[in-house]
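J.:
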Amino acid sequence: MIESFNNHFKQICSNLNSKKKVFVLGLSGGLDSMTLLYLLKRFLENNNKFEIEIFPIIIDHNIREGSSKEACQVQNLSQQLGFKTTIKKIHCKIPSGNIQDWARKKRRDILCESTYELSANLLLAHHFDDQAETLFMRFEKKSGLDGLRGMQSVTFWNGILIIRPLLSFKKKQLRSFVDYNKITFFEDTSNKMLKFERVKTRYMLEKIRKKNWPEISQDLYNFSKINSTLIKKIKFIFTDWISQNIFIDNSGAGRVNYKNLKVIFEKSNLITINIVGKIIQTVGGKQYPPKRRKTYGLICSIFYNNHKNKTLGNVKIFVKSNFLFFIREHRNISFNMKIKKDTNYLFDGRFLINSGLSGNLIPSSTSDLNTISKENIFYDYKDIINNTIPSLQTLEGLNIKPHLNIINNNNVNLNKNNRSFSLYLINRVLV
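Counting in our numbering, the sequence shown runs from 909 upward without gaps.
1) Leaving out the 5 sequence neighbours to the left and right, which residues in its chain are closer than 6 Å to S1125 when beta-carbon positions are compared?
2) Could you tell me which residues DSSP puts in a beta bridge with E959?
3) Hey, is the region 1022-1039 in contact with the region 1127-1134, meaning 3+ C-beta pairs nearer than 8 Å?
4) Taking I1124 as part of the beta strand (DSSP E), name the residues at either end of that continuous run.
5) So I1280 packs on F1243, CB below 8 Å; how close in whole Å?
6) By the three-class DSSP mapping on this structure, what secondary structure does S1330 have?
7) Are the beta-carbon atoms belonging to K1301 and N1307 less than 7 Å from one another?
8) What separation, rounded to the nearest whole angstrom, lies between the Cα atoms of E1095 and I1181?
9) Under three-state DSSP, which class holds Q1189?
10) I1181 by DSSP, collapsed to three states: which one?
11) Considering only residues of the region 948-1026, which uninterrupted alpha helix (DSSP H) runs meet the minimum length of 4 residues and lie entirely inside it, listed in chain order?
12) Excluding the 5 residues preceding and the 5 following C1020 in the sequence, name in chain order all residues of the same chain whose CB lies nearer than 8 Å to its CB.
13) Helix, strand or coil for N1268? Go by DSSP, reduced to three states.
14) Taking contact to mean at least 3 C-beta pairs separated by less than 8 Å, is the region 1282-1298 in contact with the region 1144-1163?
15) To which residues of the same chain is F958 closer than 7 Å at the C-beta, ignoring the five residues directly before and after it?
16) Grab me the residues of L1303's own chain with a C-beta within less than 6 Å of its C-beta, minus the 5 sequence neighbours each way, in chain order.
17) Assuming S922 is part of the alpha helix (DSSP H), what are its boundary residues?
18) Tell me whether F1255 sits in a helix, a strand or coil according to DSSP, three-state version.
19) According to DSSP, is T1109 part of a helix, a strand, or is it coil?
20) Let me check understanding here. Comparing Cα to Cα, which of K1175, G1221, N1177 lies closest to Y1196?
21) Distance, Cα to Cα, G934 vs N1213?
22) Suppose you measure from the CA of N1319 to the CA of M1059; what does that come to, to the nearest Å?
23) Are R1163 and F1231 touching if we call contact CB-CB under 7 Å?
24) Which whole-angstrom value is the C-beta distance of Q981 and S1098, which I expect to be below 8 Å?
25) Quick one: does the C-beta of K929 sit closer than 6 Å to a heavy atom of the ligand SAM?
26) Return the first residue and the last residue of the alpha helix (DSSP H) that F1226 is part of.
27) By the three-class DSSP mapping on this structure, what secondary structure does S1299 have?
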């Protein structure tokens, strides 16, 4: 297992652009994350050619009695291995329903925040069995093609590379590694409570496995691989079409050839729903595309019901001169952000912020810093767009116009400048 992990993680590190590889590790103290912690320690000891920093982050959800004591014990174990380890405690009110989902989202938000602060990549300890459970739950929820890929070993999400180096390893392999190396870990009692969806799914899979489908987890894992390959091929086929018919501006607005999109829709509404959903996600800044049913209804109303102006997912969608325009609405946007220099931030779910100066965000419209030039195809809508793009007011009171950029691929490389304020639109159309 050690050799296989080392080869896999070495390949991941080799594919990262930056010379210095910085990672945040989500460390719960459970069997999975403690296995990953020890494997990473072994990797660092045997791969000196890589300049690597790993910062384990422990989230104390403050739900279970004794969670703070346990978090300190995990921190101590991690620090004994030489890792600078931080505990982040959640202090907000615990909801009455679906606590696991609430905890998962809080954990994700805190880990992502730490990842932005350190300009790092995020390491998570999901494994083979987690993948099977995730796919089974998504089948039950009738997820689309993207959802049925399951989790990916390396994925780009909200400007962060999320890396799951244990995804091909089974739980029993992790347990054997822990037993053999006498690694201390902590059991979360909630992992046995059937009131939680993932726990119920785990028991359901075990029941199916014993009754009549012993290879169900392997088959689900194989399905994920096949579906990922299918989606890659579909994206490859449509790359030229997208480049010729879709324009995503670095200001966050989008435009599509109306007639050509309708031709695609009449041949495959599934592909069209996916494309339009990704554009709305990019322009609107949502974590996920709109529900397929809503996107399908939107497309039909525009193509067949002569509704030329619609809104969905915080996006104004309208037809003009044989083009379908997508522009962010001026609502549900918070500019209340303090910016520290040389720290990354996510603004409105759309832009990664990187600044060589400290200050506060303000709308570009109020600072008289026009971000849309007269040559821009969205110039007619500059007032709307400027209301949705931040400028920086420095601590000295200067208003700084943003340098607008776009991120199209999975390897984020921000061009840092000591005196600049840059926004990087996260283009999800081809991600």
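Every residue, glycine too, gets a C-beta built ideally from N, C-alpha and C. Please read these numbers as outputs of a predicted model, since none were measured by experiment.
T.: Reading off the structure:
1) Result list for S1125: A1040, in chain order.
2) Answer is K928.
3) Cβ pair count under 8 Å is three or more, so yes.
4) Looking at the DSSP string, I1124 is not in any beta strand (DSSP E); the run it does join, the alpha helix (DSSP H), is 1124-1153.
5) No, I1280 and F1243 are not in contact; Cβ-Cβ is about 18 Å, not under 8 Å.
6) Strand, per DSSP.
7) Inspection of the sequence shows that residue 1301 is occupied by Gln rather than by Lys. Yes, Cβ-Cβ distance for Q1301 and N1307 is below 7 Å.
8) When rounded, the distance between both Cα atoms is 42 Å.
9) Helix at Q1189.
10) Here DSSP, grouped into helix, strand and coil, assigns I1181 to helix.
11) Complete alpha helix (DSSP H) runs here, min 4: 975-988, 1007-1025.
12) Take C1020, set aside five residues on each side of it, and the residues of its chain with a beta-carbon closer than 8 Å to its own are L1030, N1066, I1068, L1254, in chain order.
13) Residue state, collapsed to three classes: strand.
14) The region 1282-1298 is in contact with the region 1144-1163.
15) Answer for F958: C921, K929, listed in chain order.
16) The beta carbon of L1303 lies closer than 6 Å to those of S1266, G1267 in the same chain, with the five residues before and after it left out.
17) From DSSP, the alpha helix (DSSP H) with S922 extends over 910-923.
18) The answer is strand: DSSP assigns F1255 an E or B state.
19) Helix at T1109.
20) Among K1175, G1221, N1177, the Cα nearest to that of Y1196 is on G1221.
21) If you take the alpha carbons of G934 and N1213, they lie about 49 Å apart.
22) Note that N1319 scores 48 on pLDDT, short of 50, meaning its location in the model is unreliable; the coordinates nonetheless yield the value given after this. Note on geometry: alpha-carbon atoms of N1319 and M1059 lie some 18 Å from one another.
23) Yes, these two residues count as a Cβ contact at 7 Å.
24) With 8 Å as the limit, Q981 and S1098 do not qualify as a contact, their Cβ atoms being about 18 Å apart.
25) Among the ligands in the structure shown, none appear at all, so the ligand SAM cannot be discussed.
26) First-last for F1226: 1223-1228, but that is the beta strand (DSSP E), not the alpha helix (DSSP H).
27) Here S1299 sits in strand by DSSP.
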